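Engineer: According to the numbering used here, the sequence shown is numbered sequentially starting from 12.
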Amino acid sequence: MRIIILNKEKTFLALYLVGILLLLPLLIPYLFQTNLTGGKIQRATILIDPGHGGIDGGTQDAQGHLEKNINLAIGVKIRDQLRQSGVNVGMTRAVDTELAPFQHGRGGRHRRDLNARVEQAKKAKALFLVSIHCDWSTDAGRRGMVAFYNYRDQVGKNLALTIQEELNKIQTSPQKAAPGKYFIIEQPGVTGVIVEVGFLSHPREAVLLQQADYQEKIALAISQGILRALASHSSNRSG
Ligand SMILES: [Zn+2]
């Protein structure tokens, strides 16, 4: 009797294994889809946009350190961190270059440059366009990191709010995410935010922004904010 039962168990086990093997190809897409906070994170593309570049240095600190280089360093770190979390990430620029060249006799280079960034976001069907910038003020006492959004875009606002929450964990005085009037976040079909990561006019903040470990901390906060917004966006969509 015992042997028969064992044989039956073996038969069941064999059938079970065959069943799993047959079903596996059907299960694989499902397994990948539900990976990472159970959402559609792996299918979404995030476009990181380090502001300025090439002939356009952006603003600068008292020592002449250019904004474009800080934006790029932080942007690359965000890209690498998000990729480690399995997110599909692109960059408007991964090297020191402008997106629209200076053309003799043709104005509007700055606008063409911004337009090229928006076009990249549309082409990549990016869920979020996250633009990194440094600020500058005539008031040398001003400092801090702020995420800006388009007030008409609820998804963008939510993204800015979560990024701001993460940034506030690492800055001495918490700031509020704010609605902003920027070309790049006002374009239809693009959900963009602008993160101003600090003031180059503030002597201490300018020094910090040159340091790789400080840049890493900022990048981690922004990445975390993006991941959280992505997770809540996905669960809102599927729920
Ligand atoms: Zn800028």
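Glycine is no exception: its CB is placed at the ideal position from the N, C-alpha and C atoms. None of these values were measured; they are calculated from a predicted model.
Relative to the C-alpha of G65, which residue among N247, L110, A73 is closest?
Structural biologist: Here residue 65 corresponds to residue number 54 of the sequence shown, with the count starting at 1. When each option's Cα is compared against that of G65, the closest is L110.
Engineer: Quick one, are the C-beta atoms of R120 and T103 less than 8 angstroms apart?
Structural biologist: As a first step, residue 120 must be located in the sequence shown, where it is residue number 109. As a first step, residue 103 must be located in the sequence shown, where it is residue number 92. Contact: no.
Engineer: What residue range is occupied by the uninterrupted alpha helix (DSSP H) comprising I85?
Structural biologist: Indexing the sequence shown from 1 puts residue 85 at position 74. Start and end: 78-95.
Engineer: Taking the alpha helix (DSSP H) that T173 falls in, what are its first and last residues?
Structural biologist: Here residue 173 corresponds to residue number 162 of the sequence shown, with the count starting at 1. Element bounds for T173: 165-179.
Engineer: So does G101 have its beta carbon nearer than 7 angstroms to some heavy atom of ligand 1?
Structural biologist: Taking the sequence shown and counting its residues from 1, one reaches residue 101 at position 90. Checking every heavy atom of ligand 1 against the Cβ of G101, none is found closer than 7 angstroms.
Engineer: Please name the residue in T70, A84, L33 whose C-alpha comes closest to that of F210.
Structural biologist: As a first step, residue 210 must be located in the sequence shown, where it is residue number 199. Ranking the options by Cα distance to F210, first place goes to T70.
Engineer: In or out: Y27 buried (at least 16 other Cβ within 10 Å) or exposed?
Structural biologist: In the sequence shown, residue 27 corresponds to position 16, counting from 1. It is exposed - the Cβ of Y27 has fewer than 16 other Cβ atoms within 10 Å.
Engineer: Looking at the unbroken alpha helix (DSSP H) that takes in L125, where does it start and where does it end?
Structural biologist: By 1-based counting over the sequence shown, the position of residue 125 is 114. Segment 120-134, the alpha helix (DSSP H) holding L125.
Engineer: Determine the closest residue to G200 out of R123, K133, D91, I89, with distance taken between C-alpha atoms.
Structural biologist: By one-based count along the sequence shown, residue 200 stands at place 189. Answer by Cα proximity: K133.
Engineer: Since E207 sits in a beta bridge, which residues does DSSP pair it with?
Structural biologist: Mapped onto the sequence shown, residue 207 falls at position 196. In DSSP, E207 forms a bridge with H144, V157.
Engineer: Is the beta carbon of T202 within less than 7 angstroms of some heavy atom of ligand 1?
Structural biologist: Here residue 202 corresponds to residue number 191 of the sequence shown, with the count starting at 1. Checking every heavy atom of ligand 1 against the Cβ of T202, none is found closer than 7 angstroms.
Engineer: Quick one: what does DSSP say P190 is sitting in, helix, strand or coil?
Structural biologist: As a first step, residue 190 is located in the sequence shown; it is residue number 179 there, counting from the start. Strand, per DSSP.
Engineer: State buried or exposed for V29, treating a residue as buried only when at least 16 other CB atoms are found within 10 Å of its CB.
Structural biologist: Numbered from its first residue, the sequence shown carries residue 29 at position 18. Exposed.
Engineer: Which value, in whole angstroms, describes the spacing of the CA atoms of A232 and I174?
Structural biologist: By 1-based counting over the sequence shown, the position of residue 232 is 221. By 1-based counting over the sequence shown, the position of residue 174 is 163. Straight-line Cα distance between these residues: approximately 7 angstroms.
Engineer: Any heavy atom of ligand 1 closer than 7 angstroms to the beta-carbon of E109?
Structural biologist: For this step, residue 109 is matched to residue 98 along the sequence shown. The answer is no for E109.
Engineer: By Cβ distance, which residues of its chain are closer than 6 angstroms to G68, with the 5 residues on each side in sequence left out?
Structural biologist: In the sequence shown, the residue the question calls residue 68 occupies position 57. So the qualifying residues of the chain are L77, K79.
Engineer: Less than 8 angstroms separating the beta-carbons of L138 and I81?
Structural biologist: Walking along the sequence shown from the start, residue 138 turns up at place 127. Walking along the sequence shown from the start, residue 81 turns up at place 70. For L138 and I81, no; Cβs fall outside 8 angstroms.
Engineer: Cβ of E216 within 7 angstroms of any heavy atom in ligand 1?
Structural biologist: The count along the sequence shown starts at 1 and reaches residue 216 at position 205. Result no, Cβ not under 7 angstroms from ligand 1.
Engineer: Sort out for me which residues DSSP pairs T56 with in a bridge.
Structural biologist: Position 45 of the sequence shown, counted from the start, is the residue given in the question as residue 56. T56 is bridged to N99.
Engineer: With respect to the alpha helix (DSSP H) encompassing V218, which residues constitute its N-terminal and C-terminal limits?
Structural biologist: Here the question's residue 218 lines up with position 207 in the sequence shown. Residues 214-220.
Engineer: In this structure, what does DSSP give as the bridge partners for G64?
Structural biologist: Here residue 64 refers to the residue found at position 53 when the sequence shown is read from its first residue. In DSSP, G64 forms a bridge with D67.
Engineer: Which of helix, strand or coil does DSSP assign to Q182?
Structural biologist: As a working note, residue 182 is residue 171 in the sequence shown. Coil, per DSSP.
Engineer: Would you kindly work out how many angstroms separate the C-alpha atoms of R163 and L32, rounded to a whole number?
Structural biologist: By one-based count along the sequence shown, residue 163 stands at place 152. By one-based count along the sequence shown, residue 32 stands at place 21. About 50 angstroms.
Engineer: Spatial neighbours of L83 within its chain, please: CB distance less than 6 angstroms, with the 5 preceding and 5 following residues excluded, ordered by chain position.
Structural biologist: Within the sequence shown, the letter at position 72 stands for residue 83. For L83, where only same-chain residues beyond five positions count, the Cβ hits under 6 angstroms are P61.
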